[in-house]
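Mind the numbering: the sequence shown is residues 157 to 401 in this note's numbering, read in order.
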Amino acid sequence: MPLDHARWESTLLLAANLLAIPATALAKSGLYVFYHEVIGVTPRAYFILIPAAFSIVAFVVMWIIQLFACTPIQAAWNLTYYTETSCHSRYYCGTAQASVGILADLCITSLALFRTFQLQMPIRGKLEVLSYFFSSLVTLVPAALRLHISVSGHEKENHDPTWDLFWMATYWLYEANCAIICYSLPGLRHLIRSFRKPAPLANCNDSHTPSYSSPPYFNIKLGQDNSSEVELYPSTIQGTRGDDP
157 MPLDHARWES TLLLAANLLA IPATALAKSG LYVFYHEVIG VTPRAYFILI
207 PAAFSIVAFV VMWIIQLFAC TPIQAAWNLT YYTETSCHSR YYCGTAQASV
257 GILADLCITS LALFRTFQLQ MPIRGKLEVL SYFFSSLVTL VPAALRLHIS
307 VSGHEKENHD PTWDLFWMAT YWLYEANCAI ICYSLPGLRH LIRSFRKPAP
357 LANCNDSHTP SYSSPPYFNI KLGQDNSSEV ELYPSTIQGT RGDDP
């Protein structure tokens, strides 16, 4: 590969990394906020914000180190400087960030699992609720692969920065896409149900009009005594058929 092509590819890969890092942070923060709203206003719900804050801070630190990991700084996007400098701190930061992301996802899922089993509802309903939370664990797959790339980067004697940056950017984008897909699943389900049974035009302004301001998975209101009712399907979906005479 010509040196000019490798230089441009390393620059584009760095740009992809810098774009994928905030995309992943924003997508996963949406999942954290959704989990916090589902669990309800309880003291335990605020524990979700602790791993979420650690995860977002790790994303910000990772973004800064990706940009200023090399000495001189130009070596981060110009491959011609790579033989005269060291950018190996990028691997250590990638390992730490991937580990923090995996631990944050596991902590949040464990908290949701603990709260769901306290619900006073049939086991089948609990499993249906848990299936929504477990769907977000698909983000662990690209995070684990990115962790493997970061760890294996320490063991290589001849580092190939273009190849390593390519896989790091690829798994960053995979993780961001998985988080966006998981957060969009409830809206997709609601959209499909709306096409199957559309709301009448006469009732489009009444109280039965569904709200798209929040993901319509289900309505869960967890009180301190865990005795609140759980609606797996929002009442707004049932109201889209119109009022029968």
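Ideal placement from N, C-alpha and C gives every residue a C-beta, glycine not left out.
Owing to the predicted nature of the structure, the values given are computational and were not obtained by experimental measurement.
DSSP-derived helix/strand/coil call for residue i
| i | result |
| --- | --- |
| Thr198 | coil |
| Ser370 | Only weak support exists for where Ser370 lies, its pLDDT of 46 falling under 50; the value from the coordinates is given anyway. In the structure shown, Ser370 sits in coil (DSSP, three-state: anything other than H, G, I, E or B). |
| Leu168 | helix |
| Ala176 | helix |
For residue j and residue i, believed in contact at Cβ under 8 Å, the rounded distance
| i | j | result |
| --- | --- | --- |
| Ile258 | Leu205 | So it is not a contact: roughly 18 Å between Cβ atoms. |
| Ala260 | Ala179 | Not quite, the Cβ-Cβ distance comes to about 17 Å (not below 8 Å), so this is no contact. |
| Leu303 | Ser255 | 7 Å |
| Ala268 | Tyr191 | 6 Å |
| Leu283 | Leu223 | Incorrect: roughly 44 Å between the Cβ atoms, too far for contact. |
| Ile305 | Tyr188 | Contact doesn't hold; Cβ gap of about 25 Å is too wide. |
| Ala225 | Gln253 | The Cβ separation is near 12 Å, so there is no contact. |
| Ala183 | Ala299 | That pair is no contact at about 13 Å. |
| Ala181 | Ile221 | Not quite, the Cβ-Cβ distance comes to about 14 Å (not below 8 Å), so this is no contact. |
Opening and closing residue of the alpha helix (DSSP H) in which residue i lies
| i | result |
| --- | --- |
| Met218 | Leu205 to Phe224 |
task: Take every Cβ of the segment 271-286, pair it with every Cβ of the segment 221-229, and state whether three or more of those distances are shorter than 8 Å.
output: no
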